[in-house]
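Quick note, this note's numbering runs 635 ahead of the 1-based positions in the sequence shown.
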Amino acid sequence: MAPGTRPASATNLRDWLILLHAPGLGPRAFMRLWALRPSPQAILSASPSVWREAGLKQPAIDALRAPDEPRIEAALDWLTAPGRHLIPFDDPRYPTRLRDLSDPPLALFTLGDPDLLNLPALAIVGTRHPTPGGALNARAFARDLAGRGLVLASGMAQGIDAEAHHGALEANGLTLAVVGTGVDRVYPAQHRELAHAIVNGGGLIISELPLGTPPRPGHFPRRNRLLAALSLGTLVVEAAPRSGSLITARLASEIGREVFAIPGSIHNPMARGCHSLIRNGAKLVESSADILEELADRLVDISPMPAARPSATEASALPDGHARLLEAMGYDPVSVDTLVERSGLTAAEVSSILLIVQLQGLIAPCPGGLYTRLPHA
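This is the structure we're talking about:
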């Protein structure tokens, strides 16, 4: 549709909702139908033979013939409240970047400000079980990049996703959550406050799934492709070798988006996915400047990186024993016994200093009685 076309009318929305609620009418079948009949009205008025030609099975055909009226009316009622939208494929607000997919969604349910859909965005993804350093990195990168004007996109899952959203909110920046449920459901449930903070902070929650859809394993790969397509690039913070985050990175690469990865310790299993990405061509990232430099020709009104400033908690500013312990620790998880051996301090001194530097936010405990040093943001 030409720019300036009005968003879908109530009648048009109802037609799109009929298509969305037809079982088995997914994005690929929709694109085949669209090639034959390029409007929702034309699709619905087509004969069953046209529907079968596009690959629709009998349940979808039955649903097109006899729509689930109560469910459609409930969706239309939901859409009457402020900040709630359905953005179908023929709407001028539909994200142009999603058209790079071979299977773009029929429509998007959105909660919040839909203008975010066409702003420059970066996806930050990673494991649901990050190390303390990984969580810190995700939050710090998101906070810095959102503070410079990028929309930070993620999947509102536990772990790296949640840290990325929180980091963007801390910078009073914009964040976009692509979810694997209906937008009227929050998953995981403990992220209810985070969901409210995203919307109230000027951000956006989106899904291609109908309202009320619960979380199911097959929904999250579908969510990942939207996350990859909506963003100029994807940053993987920490990921195991078989992580869903690597699926997002692969999808991003396949449609011409940049892929970034933060390296980690060779002893950290959550770094192996990132190392695999780097071996296969992802850009190794050590700072926000690496990302902004790579995306520079596609960004406007993004603040440049300032010169690095020394951290107030650098080793040179610490008492001698504390600095010696941190130097002995390095950035790999280590035990108290190893620290005693490396630092020359007594076990009592090491235990005391560990408590102090942990309270200062310089180290974090790891499973197995180990400790790891946290990188400074």
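Idealized CB from N, CA, C, for every residue including glycine.
Note that the structure is predicted; figures quoted are calculated from it, not measured.
Here L1005 has P968, V969 and S970 as same chain residues with Cβ atoms under 7 Å from its own Cβ, once five neighbours each way along the sequence are excluded. Annotation for S880: the continuous alpha helix (DSSP H) segment containing it runs G879 to E889. Here A710 is near L721, since their CB atoms are less than 9 Å apart. Burial check for A803: the Cβ neighbour count within 10 Å reaches 16 or more, so the residue is buried. If you look at A758, you'll find it in the beta strand (DSSP E) that goes A756 to V760. Distance from the CA of V975 to the CA of H764, rounded to the nearest whole angstrom, comes to 29 Å.
Using a Cβ distance threshold of 9 Å, L699 and L679 count as a contacting pair. In this structure P1000 does not touch G768 by the C-beta definition: roughly 12 Å separates them, more than the 8 Å allowed.
V985 sits in a helix when the DSSP states are folded into three classes. With fewer than 16 other beta carbons inside 10 angstroms of its own, I901 counts as exposed. With the rule of 3 Cβ pairs closer than 8 Å, the segment 867-875 counts as touching the segment 908-924. In this model, I897 and D925 are separated by some 11 Å (Cα to Cα). Between the segment 793-801 and the segment 919-934 there are fewer than three C-beta pairs closer than 8 Å, too few to call the two in contact. Between the segment 724-740 and the segment 823-839 there are fewer than three inter-stretch CB-CB distances shorter than 8 Å, so the stretches are not counted as touching. One alpha carbon belongs to E688, the other to T715, and they sit about 36 Å apart. With a 10 Å radius around the Cβ and a threshold of 16 neighbouring Cβ atoms, L861 comes out buried. Membership of A698 in the alpha helix (DSSP H) is indicated by the continuous run Q693 to R700.
Under DSSP, Y1006 forms a beta bridge with V969 and P1000.
R734 is the residue among R734, V760 and T766 whose C-alpha sits nearest the C-alpha of L752. Beta bridge pairing from DSSP links S789 with A812.
The shortest C-alpha to C-alpha distance from I833 to any of S866, L746, R783 and I988 is the one to L746. Each residue's CA atom was taken as its position, placing P662 and R977 some 58 Å apart. Membership of S842 in the beta strand (DSSP E) is indicated by the continuous run L839 to S842. In this structure, L668 is the residue among D972, L668 and R783 with its C-alpha nearest to the C-alpha of D738.
A Cβ-Cβ distance of about 19 Å is found for the pair G784 and A773, leaving them out of contact under the 8 Å criterion. V992 carries a helical assignment under DSSP once its states are collapsed to helix, strand and coil. Secondary structure at H720: strand, using DSSP grouped into helix, strand and coil.
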